[in-house]
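My numbering numbers the first residue of the sequence shown as 35 and each following residue consecutively.
Inspection log for the structure reproduced underneath, given as structure tokens.
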Amino acid sequence: MTATLGWLRRQLPGIVALVLVTSVFLIARLPSYSAADTANIASKFSFKPLSISLPGGYAQQTIRKVNKDYTHIDAWISSVGAAIAMNDLDGDGLSNDLCLVDPRIDQVVVTPTPGARSGRYAPFALNPGTLPVNDHMAPMGCVPGDYNEDGRIDLLVYMWGRTPIVYLAKPNAAQLGADAYQPTELVPGANSTNGRYTGPQWNTNAATVADFDGDGHDDIFIGNYFPNGPVLDPTVSGGVQMNHSMSDGHNGGEDYFFRWTAATTGDHPTVAYNRIDNVLPKDASKGWELGAAANDLDGDQLPELYLANDFGPDRMFYNQSTPGHIKLSPVEGVRTPLIPKSKTIGHDSFKGMGLDFGDLNHDGIYDMFVSNITTSWGIEESNFQFMSTAKNQADLRAKLRAGEAPWVDKSGPSGTAWSGWGWDVKMEDFNNSGELSIAQATGFVKGQTDRWPQLQELATANDQLLQNPFWWPNAQAGDDIGGNQTLHFFAKGPTGRYVDLAPDLGLAIPVPTRGVATGDSDGDGRVDFAVARQWGEPVFYQNQSPDTGAYLGLRLTRDTTPVAGTLPAAGSPVTGAQVTVKTADGRTFIGRVDGSSGHSGRRSTDVHIGLGRNVTGPVQVHLRWRDRTGQVRDQDLQLTTGWHSLKLGQQAKEK
């Protein structure tokens, strides 16, 4: 008996490996839908592509100028920056305004969504005004939010080569245009020499907005990718580096939290933040961030934080903050013999690019979808479809407090594991069926010369070489790495397995995509979406899905009167407010006012919940939020289906 046990112990690694290989084989062999089944699923969706208007007069580029040490990989360095967001910027009650970053002109553009009422104002680029700038910076993303709390939607712009700028909407602006915003430093006292920016050279690729400390005011998280340095300065050599590992890199740019402290409005609005350092452990704070999302997962109205990291493990944090003090504790998944390290939260070695939260199985607890690099014959990792294993929110809270992240990856059996070089992802019910679909951007660098073989060699290179850009293989104009990959649109079929409908819906355009923004731009109850393309024209997809089900749409704003002015005010969104809907047939749906989760795409701050075709009467709605004093509020309502505008203070009141 002893000899047998000894033999089993010696063979255990091989047995586990055999089980894992067999499991992967069986997952790959899971039955897919027939062409007829796929066509039937696709018949429930329809999207009309529309061109997005952009301002003229700007010189266009096809690649960025970079530090001399990066010249031979300038296409790689130029592979990010396309971004897009949807919101109500002009106060007309609809999320029909776009804030987008177009790398071809390196401008942050505000423009109406195409279609009805597209001529409300002319497209324009944001102007930093008197704030110092230079020729070695580029915008990377735009995050709408009411930063100075006057009821109008402002815009946070983060960049490479500079600290972020907050563009505050002026109440007395005659109309929406470049002059309607007051550019304001997020980091006060930016250095300048002869009017040119010489301050910290942050290289930001992730940001999210949430009330992290629970004081009733929105805070800002900034996640930097490259360490501070002259990444986009072609006049210098040096001062830059690459990741020191392909799977455990923690030499990226520092992360920062900004706690809201004060604001004013008027002709020259202001906002002030206190930068909080050392919130995250040092190695976690220096990951190569490409995505960030904050969301209250356990029901205490303190948002947890998930960071999607390139070149190393993603990080997840449980929020234990108190007003005035931000405290986030790392949580990690629990491994078993059948769960590889690479699929465990906090330990994965994949290339995290973007993420979103959504309840995919109606258990009342948020699941997560994380984009990774999943290219066959290239770098075939796996997307993560992390499904919650907690019994309820109380069980989830107990596990988070103990440092455990109770989610397991189900992307393989769900059919969502492999798509391409993934980026932004948004989960929405696009046809009000009661089930979330998953829109995912993919693709890297488009060209004519295949560089996957060289990239594979790099992925297996000695980590001691990686940090020096000299050892990286060429990735320049004309080179191709996943350049023909397309947008993906995963929809759940009758067996519960997902299928990519992008080819059937006309969404599979072979141009690298980056950001996905979602919102109901025309108020018809169907979620539209816009896509930012890297070195390509952005596109808007108007939702024309036929025979949709019922839905509940909520515009949740603060119970305060917006500051008077000529520029209409949409109201201050109650970031982080949670919505739970129960239908007569016993189903549960959840949603929240999103503070900008993802990579470079931002959904609107409206809440949209598809309910399916069987709902005909009012539904039970539970709201949970923090008021401006930081007090947690709860209220139960019975609401008819359709759109509602509610003001949240001590109580919820319909406008």
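In this text, a Cβ means the ideal position worked out from N, Cα and C, and glycines have one as well.
Keep in mind it's a predicted model, so treat the numbers as computed, not measured.
* To do: Could you have a look at Ile492 and say whether DSSP puts it in helix, strand or coil?
  => Here residue 492 refers to the residue found at position 458 of the sequence shown. Correcting the residue identity first, residue 492 is Leu in this sequence and not Ile. Looking at Leu492 - three-state DSSP - the assignment turns out to be helix.
* Asked: Roughly how far, in whole angstroms, is the beta-carbon of Ile379 from the beta-carbon of Gly367, given that I think they are within contact range, below 8 Å?
  -> Here residue 379 refers to the residue found at position 345 of the sequence shown. Here residue 367 refers to the residue found at position 333 of the sequence shown. With a Cβ gap of about 4 Å, Ile379 and Gly367 count as contacting.
* Which of helix, strand or coil DSSP assigns to Trp505 -> Start at 1 with the first residue of the sequence shown, and residue 505 comes out as number 471. It is helical.
* Element boundaries [alpha helix (DSSP H), containing Arg435] -> On the sequence shown, position 401 is the one that residue 435 refers to. Per DSSP, Arg435 belongs to the alpha helix (DSSP H) from Gln427 to Arg435.
* So which of Leu128, Ile373, Ala73 and Arg636 has the shortest CA-CA distance to Val565? -> For the purposes of this step, residue 565 is identified with residue 531 of the sequence shown, where counting begins at 1. Ranking Leu128, Ile373, Ala73 and Arg636 by Cα distance to Val565 puts Arg636 first.
* Asked: Given Glu462, which residues of its chain have a CB within under 6 Å of its CB, disregarding the five upstream and five downstream residues?
  -> Sequence index remark: in the sequence shown, residue 462 carries index 428 (1-based). Closer than 6 Å at Cβ, skipping near neighbours: Thr552 and Val561.
* **Beta-carbon contacts of Asp95 that lie in its chain and below 8 Å, excluding the five residues immediately before and after** => Position 61 of the sequence shown, counted from the start, is the residue given in the question as residue 95. Here the sequence assigns Gln to residue 95, which means Asp is not the residue at that position. So the qualifying residues of the chain are Pro137, Arg138, Ile139 and Asp140.
* **Any alpha helix (DSSP H) of 4 or more consecutive residues that is wholly inside the stretch 156-193** => none
* Own chain partners of His278 with C-beta closer than 7 Å, once the 5 adjacent residues on each side are dropped -> The residue given as residue 278 occupies position 244 in the sequence shown. Counting only Cβ-Cβ distances below 7 Å, and skipping sequence neighbours, we find Asn285, Asp497, Leu500 and Gln501.
* Asked: So, using beta-carbon positions, are Phe291 and Asp348 closer together than 9 Å?
  -> Position 257 of the sequence shown, counted from the start, is the residue given in the question as residue 291. Position 314 of the sequence shown, counted from the start, is the residue given in the question as residue 348. In this structure, Asp348 does not lie closer than 9 Å to Phe291 by Cβ.
* Just how far apart, CA to CA, sit Leu54 and Leu372? -> Residue 54 sits at position 20 when you count from the first residue of the sequence shown. Residue 372 sits at position 338 when you count from the first residue of the sequence shown. Only weak support exists for where Leu54 lies, its pLDDT of 49 falling under 50; the coordinates are left without a value.
* Exposure label - Asp581; buried when at least 16 CB within 10 Å -> Sequence index remark: in the sequence shown, residue 581 carries index 547 (1-based). Exposed is the call here.
* To do: From the DSSP output, in three-state form, read off His106 for me.
  => Position 72 of the sequence shown holds residue 106. Three-state DSSP puts His106 in a helix.
* CA-to-CA distance, Met387 to Ile407, given in whole angstroms -> Counted from its first residue, the sequence shown places residue 407 at position 373. Counted from its first residue, the sequence shown places residue 387 at position 353. So the two alpha carbons sit approximately 8 Å from each other.
* Helix, strand or coil for Leu266, going by three-state DSSP, please let me know. => Residue mapping note: residue 266 aligns to position 232 of the sequence shown, counting from 1. DSSP places Leu266 in coil when its eight states are reduced to three.
* **Spatial distance of Val479 from Leu160 (CA atoms)** => Stepping through the sequence shown from its first residue, residue 479 is reached at position 445. Stepping through the sequence shown from its first residue, residue 160 is reached at position 126. Rounded to the nearest angstrom, the two C-alpha atoms are 27 Å apart.
* Quick one: using the 10 Å Cβ neighbour count with 16 as the cut-off for buried, is Glu627 buried or exposed? => Here residue 627 refers to the residue found at position 593 of the sequence shown. A small fix is needed here, since residue 627 is Val in this sequence, not Glu. Under this definition Val627 is a buried residue.
* Asked: Over what stretch of residues does the alpha helix (DSSP H) that includes Pro374 continue unbroken?
  -> Indexing the sequence shown from 1 puts residue 374 at position 340. Unbroken run through Pro374: none, as it is neither H nor E.
* **Secondary structure, beta strand (DSSP E): runs of 3+ residues fully inside the stretch 403-471** => 418-422, 441-443 and 456-462
* Could you check what DSSP says for Ala62 in three-state terms: helix, strand or coil? => Counted from its first residue, the sequence shown places residue 62 at position 28. Because Ala62 carries a pLDDT of 48, less than 50, the predicted location of this residue cannot be relied on, and the following value inherits that uncertainty. If DSSP states are grouped into helix, strand and coil, Ala62 belongs with the helices.
* Asked: Exposed or buried, what is Ala436 when buried is set at 16 or more other beta-carbons lying within 10 Å of its beta-carbon?
  -> On the sequence shown, position 402 is the one that residue 436 refers to. Exposed.
* Are Thr639 and Pro596 close, meaning C-beta to C-beta below 9 Å? -> For the purposes of this step, residue 639 is identified with residue 605 of the sequence shown, where counting begins at 1. For the purposes of this step, residue 596 is identified with residue 562 of the sequence shown, where counting begins at 1. No, the pair does not count as a contact, with Cβ atoms beyond the cut-off.
* Are the CB atoms of Leu220 and Val200 nearer to each other than 9 Å? -> On the sequence shown, residue 220 is found 186 positions in, with the first residue counted as 1. On the sequence shown, residue 200 is found 166 positions in, with the first residue counted as 1. Yes, the pair counts as a contact, with Cβ atoms nearer than the cut-off.
* For Ala119, which of Lys460, Thr218 and Ala150 has the nearest alpha-carbon? -> Numbered from 1 along the sequence shown, position 85 holds the residue referred to as residue 119. Residue Lys460 is the option with its Cα nearest to Ala119.
* Asn74 in three-state terms, based on DSSP -> Translated into the one-based positions of the sequence shown, residue 74 becomes position 40. Note: Asn74 maps to helix in three-state DSSP.
* **Spatial distance of Phe623 from Glu469 (CA atoms)** => Working through the sequence shown from its first residue, we reach residue 623 at position 589. Working through the sequence shown from its first residue, we reach residue 469 at position 435. In a straight line, the C-alpha of Phe623 is about 10 Å away from that of Glu469.
* Measuring alpha carbon to alpha carbon, tell me which of Ser630, Ser579, Asp289 and Ala327 ends up nearest Phe81. => The sequence position of residue 81 within the sequence shown is 47, counting from 1. Selected option, being the one with the closest Cα: Ser579.
* Distance, Cα to Cα, Glu28 vs Arg660? -> The requested residue 28 does not occur in the structure, where the chain is confined to residues 35 to 689.
* To do: Say whether the stretch 233-253 touches the stretch 351-365, bearing in mind that this needs 3 or more beta-carbon pairs closer than 8 Å, one atom from each stretch.
  => yes
* Taking just the CA atoms, how far does Tyr575 sit from Gly233? -> Residue 233 sits at position 199 when you count from the first residue of the sequence shown. Residue 575 sits at position 541 when you count from the first residue of the sequence shown. For Gly233 and Tyr575, the distance between alpha carbons rounds to 39 Å.
* Measure from the alpha carbon of Gly605 to the alpha carbon of each residue in Pro178, Leu645 and Ser66, then state which is nearest. => Your numbering for residue 605 matches position 571 in the sequence shown. For the residues Pro178, Leu645 and Ser66, the minimum Cα distance to Gly605 belongs to Pro178.
* 6 Å Cβ shell around Lys687 - same chain, five flanking residues per side excluded -> Residue numbering aside, residue 687 sits at position 653 when the sequence shown is read from its first letter. Closer than 6 Å at Cβ, skipping near neighbours: Lys681.
* Local conformation of Ala328 per DSSP, three classes -> Walking along the sequence shown from the start, residue 328 turns up at place 294. Strand at Ala328.
* **Through-space distance from Gly446 to Ala62, alpha-carbon basis** => For the purposes of this step, residue 62 is taken as the residue at position 28 of the sequence shown. For the purposes of this step, residue 446 is taken as the residue at position 412 of the sequence shown. Here Ala62 scores only 48 on pLDDT, less than 50, and its place in the model is too uncertain to base an answer on.
* In this structure, what does DSSP give as the bridge partners for His656? -> Walking along the sequence shown from the start, residue 656 turns up at place 622. DSSP lists Thr614 and Asp670 as partners of His656.
* **Status (buried if at least 16 other CB within 10 Å, exposed otherwise) for Phe260** => Here residue 260 refers to the residue found at position 226 when the sequence shown is read from its first residue. By the neighbour-count rule (16 or more Cβ atoms within 10 Å), Phe260 is buried.
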